[in-house]
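Take a look at the structure below.
Protein chains: 2
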Amino acid sequence: MAVRVEILTIGTELVTGLVVNTNGAWLARRVTAVGGHVTRIVTVRDDEGEIVGALREALSRAEVVITTGGLGPTPDDMTMACVAKALGRRLVLNEEALEMVRRTYAILYEEGVVKSPEMTPEREKMAMLPEGAEPLPNPVGAAPGAAIEHEGRLVFCLPGVPREMERMYEESVEPRLRRLTGASLSVTATLKLDCTDESSIAGVIREASRAFPWAYIKSHPGRLAREGRINVTVTVFAGDAETLSTRLEEVERFLKERFKNMGIRVISSDENHQ
Amino acid sequence: MAVRVEILTIGTELVTGLVVNTNGAWLARRVTAVGGHVTRIVTVRDDEGEIVGALREALSRAEVVITTGGLGPTPDDMTMACVAKALGRRLVLNEEALEMVRRTYAILYEEGVVKSPEMTPEREKMAMLPEGAEPLPNPVGAAPGAAIEHEGRLVFCLPGVPREMERMYEESVEPRLRRLTGASLSVTATLKLDCTDESSIAGVIREASRAFPWAYIKSHPGRLAREGRINVTVTVFAGDAETLSTRLEEVERFLKERFKNMGIRVISSDENHQ
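Protein sequence lines correspond, in order, to chains Y and H. Read in order, the letters of the first sequence are residues 920 to 1193 in the numbering used here. Read in order, the letters of the second sequence are residues 920 to 1193 in the numbering used here.
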């Protein structure tokens, strides 16, 4: 059974359009690649009511919830407090997380980046986690993340700074996700068609999507296909390499035959293994 | 009172991370600039249950819902059917929308882009709108959008192709939104600080945010501020130019004084009028 994953990206800069949500797309791609089924990406501002509400809704729908943003020292960083509230847990000083923060500021002080290595209330705030949470190390930043198991759900809290988030996802989240999904392989093939009318291939896409529910097949117009050619992408997932290539071949054979019958030439066909 | 706006971006390519949600950020920025309060950006896949569910939730929270994506000829384009279902309306062939689609394909045929100007079921599908919807012209694509008034709410359906969406937002959505918010002016000032420790200015940001609730004040670290300087952005909104500049001056004066007292120099200060 598919593991449903919901991504909650937190930050007023996102809902005011100051920042494009590249974290959401990056996580979605990575989660999909290991066989997770991302049902929703939700973005809310730095507002307790909004964050707690969105967390509760996500937990009611998905097995895994990944949050990004709101872990820093400033007052608008309130993700940990909101996760605690949404789960009905206390927000407590996590000794392991405190040690991580302490080590980071000791290094930053040695490097001359900060004026003092002492813990301040703002720095200590980054070690406040929901009770029972496991702190996730942040090798490239100050704020630790968190992994929390709750009534059969898994919540991961990651920072909003992309390079911190990406590193922590790869080191601390993806390995656990792979264990849940069982499938670790995926491949996307792109067929470039000698065709500019997307509506003419709609029937074939529909037919193929019905025939291969485990494949994601989509046509991509080039600006209403006035200048560009239509691309069709086929993404398949599997737990082993053999199943993966068998599935991809099956879909590609189906599509190529249909296009041939319609007089549409496949200009090129690329495979992108992940 | 603030007009709450929720943005619903629809597309499996978004929740699988094949496409970064630039539409969400673009819309959020534009809506914010005219005084709308974007509470949430939600992304769902091309799935009827997911889309209808997300629409109903959005309508329960916001006065205005803007959707992007899912208006094309292919079977996974199902936004109009889902909006009809969420609002309890029938999906009907809209004669005005049909005329728009017909004109587009006549032009595409003349330009040699499509093989036939005739209406097909796929093309006709793009003129199927919720009953009572007003079709919105799409000057750069085939699928019309829709504006629907429903129990004091406003729903706008726009295409997913960015240049189509942007043009239609500017021509058909923004003017109506301005009438709702009353405020048409905003300005963002960026203060670049001679400071690399974000946690040291957290208190000032908190203080200023409390003092000026109509301003959005945020510190932006440069990669944990190891290499970079911290920027502080201040965005204010108002219905007239005088209020706008008064408000911005007030916040800037407050921040500059506080930073001066802390020995933090403001390296530069830019204003970005919108």
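Backbone N, C-alpha and C fix where the C-beta goes; we use that ideal spot for every residue, glycine too. Predicted model only: the values in this text are computed from it and were never measured.
**Status (buried if at least 16 other CB within 10 Å, exposed otherwise) for N1191(H)** = Position 272 of the second sequence, counting from 1, holds the residue named residue 1191(H). The residue is exposed, with fewer than 16 neighbouring Cβ atoms inside 10 Å.
**Asked** With respect to the beta strand (DSSP E) encompassing C1114(Y), which residues constitute its N-terminal and C-terminal limits?
**Response** Position 195 of the first sequence, counted from the start, is the residue given in the question as residue 1114(Y). Run containing C1114(Y): none; DSSP gives neither H nor E here.
**Message:** Just to confirm my understanding: we take P1036(Y), look at its own chain, exclude 5 residues before and 5 after, and list those with CB closer than 7 Å. What are they?
**Reply:** Within the first sequence, the letter at position 117 stands for residue 1036(Y). The beta carbon of P1036(Y) sits closer than 7 Å to the beta carbons of Y1024, A1025, Y1028 from its chain, once the five residues preceding and following it are set aside; these are given in chain order.
**Prompt:** If we count Cβ pairs, one from each stretch, closer than 8 Å, do we get three or more for the stretch 1083-1090 of chain H versus the stretch 1099-1119 of chain H?
**Reply:** In short, these stretches do not touch, since the Cβ pair count stays below three.
**Start and end residues, beta strand (DSSP E) containing Y1135(Y)** = Position 216 of the first sequence, counting from 1, holds the residue named residue 1135(Y). Per DSSP, Y1135(Y) belongs to the beta strand (DSSP E) from 1134-1139.
**Item:** Buried or exposed by the 16-neighbour rule on C-beta atoms within 10 Å, applied to R1142(Y)
**Value:** For the purposes of this step, residue 1142(Y) is identified with residue 223 of the first sequence, where counting begins at 1. Residue placement at R1142(Y) cannot be trusted, given a pLDDT of 48 that sits under 50; the coordinates are not used to answer.
**Request:** Evaluate the contact criterion for the stretch 957-975 of chain Y versus the stretch 994-1004 of chain Y: three or more CB pairs, one atom per stretch, below 8 Å.
**Result:** Touching, per the Cβ criterion.
**Request:** Measure the C-alpha to C-alpha separation of A1160(Y) and I929(Y) and round it to an integer number of angstroms.
**Result:** For the purposes of this step, residue 1160(Y) is taken as the residue at position 241 of the first sequence. For the purposes of this step, residue 929(Y) is taken as the residue at position 10 of the first sequence. Spanning the two alpha carbons is a distance of roughly 36 Å.
**Asked** With E1015(H) and N1057(H) assumed to form a contact (beta carbons below 8 Å), what rounded beta-carbon distance in angstroms separates them?
**Response** Stepping through the second sequence from its first residue, residue 1015(H) is reached at position 96. Stepping through the second sequence from its first residue, residue 1057(H) is reached at position 138. That pair is no contact at about 13 Å.
**Prompt:** Mind pulling the chain H residues with CB within less than 9 Å of R1125(Y)?
**Reply:** Against the first sequence, residue 1125(Y) aligns to sequence position 206. Against chain H, the beta carbon of R1125(Y) has neighbours under 9 Å at T993, P994, D995, listed in chain order.
**Item:** Limits of the unbroken alpha helix (DSSP H) element including V1170(H)
**Value:** To locate residue 1170(H), count along the second sequence from 1; it is residue 251. That run of the alpha helix (DSSP H) goes 1160-1180.
**Prompt:** Mind listing which residues of the stretch 1075-1104 of chain Y have their C-beta closer than 9 Å to chain H's C-betas, in chain order?
**Reply:** V1080, R1082, E1083
**Request:** Please compile the residues from chain Y whose C-beta is within a distance smaller than 7 Å of the C-beta of L974(H).
**Result:** For this step, residue 974(H) is matched to residue 55 along the second sequence. Chain Y residues near L974(H): none, gap ~13 Å exceeds 7 Å.
**Prompt:** Which residues, taken in chain order from the stretch 1017-1046 of chain H, show a beta carbon closer than 8 Å to some beta carbon of chain Y?
**Reply:** Those would be L1027, E1030, V1032, V1033, K1034, T1039, E1041, R1042, in chain order.
**Asked** E1085(H) by DSSP, collapsed to three states: which one?
**Response** Locating residue 1085(H) in the second sequence gives position 166, where the first residue counts as 1. In this structure, E1085(H) counts as helix in the three-state DSSP scheme.
**Request:** Take the Cβ of N1013(Y) as the centre, count every other Cβ of all protein chains shown within 10 Å, and call the residue buried at 16 or more, exposed below.
**Result:** Sequence index remark: in the first sequence, residue 1013(Y) carries index 94 (1-based). The residue in question, N1013(Y), is buried, as its Cβ has 16 or more Cβ neighbours within 10 Å.
**Asked** Would the beta-carbon of D1116(Y) fall within 9 Å of that of V1032(H)?
**Response** Taking the first residue of the first sequence as 1, we reach residue 1116(Y) at position 197. Taking the first residue of the second sequence as 1, we reach residue 1032(H) at position 113. Cβ atoms of D1116(Y) and V1032(H): closer than 9 Å.
**Message:** Let me check understanding here. Comparing Cα to Cα, which of I960(H), M1038(H), G991(H), R1098(H) lies closest to L1048(H)?
**Reply:** Taking the first residue of the second sequence as 1, we reach residue 1048(H) at position 129. With distances taken between Cα atoms, L1048(H) lies closest to G991(H).
**Asked** Can you tell me where the alpha helix (DSSP H) with T941(H) in it begins and where it stops?
**Response** Translated into the one-based positions of the second sequence, residue 941(H) becomes position 22. Boundaries of the alpha helix (DSSP H) around T941(H): 941-952.
**Request:** Pick helix, strand or coil for L937(Y), following the three-state DSSP scheme.
**Result:** The residue you call residue 937(Y) lines up with position 18 of the first sequence. Looking at L937(Y) - three-state DSSP - the assignment turns out to be coil, as it is neither helix nor strand.
**Item:** Among G943(Y), A1130(Y), F1178(Y), R1072(Y), nearest to G988(Y) - alpha-carbon criterion
**Value:** If you number the first sequence from 1, residue 988(Y) lands on position 69. Of the candidates G943(Y), A1130(Y), F1178(Y), R1072(Y), the one whose C-alpha sits nearest the C-alpha of G988(Y) is G943(Y).
**Request:** Output the residue ranges of the alpha helix (DSSP H) runs that lie fully inside the stretch 1015-1061 of chain H and measure 4 residues or longer, sorted by chain position.
**Result:** 1040-1044
**Request:** Measuring only between beta-carbons, confirm whether I960(Y) sits less than 9 Å from chain H.
**Result:** Translated into the one-based positions of the first sequence, residue 960(Y) becomes position 41. Chain H, which has a Cβ nearer than 9 Å to the Cβ of I960(Y), makes this yes.
**Message:** Using a Cβ distance threshold of 8 Å, determine whether the stretch 952-965 of chain Y contacts the stretch 1038-1052 of chain Y, with at least three qualifying pairs required.
**Reply:** no
**Item:** Straight-line Cα distance separating A1046(Y) from A1000(H)
**Value:** The residue you call residue 1000(H) lines up with position 81 of the second sequence. The residue you call residue 1046(Y) lines up with position 127 of the first sequence. Whole-angstrom Cα-Cα distance: 47 Å.
**chain H residues whose Cβ lies nearer than 9 Å to that of G954(Y)** = For this step, residue 954(Y) is matched to residue 35 along the first sequence. What G954(Y) touches in chain H: nothing, since even the nearest Cβ is about 12 Å away.
**Asked** Who pairs with S1187(H) in a beta bridge, going by DSSP?
**Response** Along the second sequence, one-based indexing puts residue 1187(H) at 268. Partner(s): K1111(H).
**Request:** Report the rounded CA-to-CA distance for I1136(Y) versus T998(Y), giving the unit in angstroms.
**Result:** Counting from 1 along the first sequence, the entry for residue 1136(Y) is found at position 217. Counting from 1 along the first sequence, the entry for residue 998(Y) is found at position 79. If you take the alpha carbons of I1136(Y) and T998(Y), they lie about 36 Å apart.
**Message:** Against chain Y, with Cβ distances strictly below 9 Å, would E1117(H) count as a contact?
**Reply:** Against the second sequence, residue 1117(H) aligns to sequence position 198. Yes, contact with chain Y.
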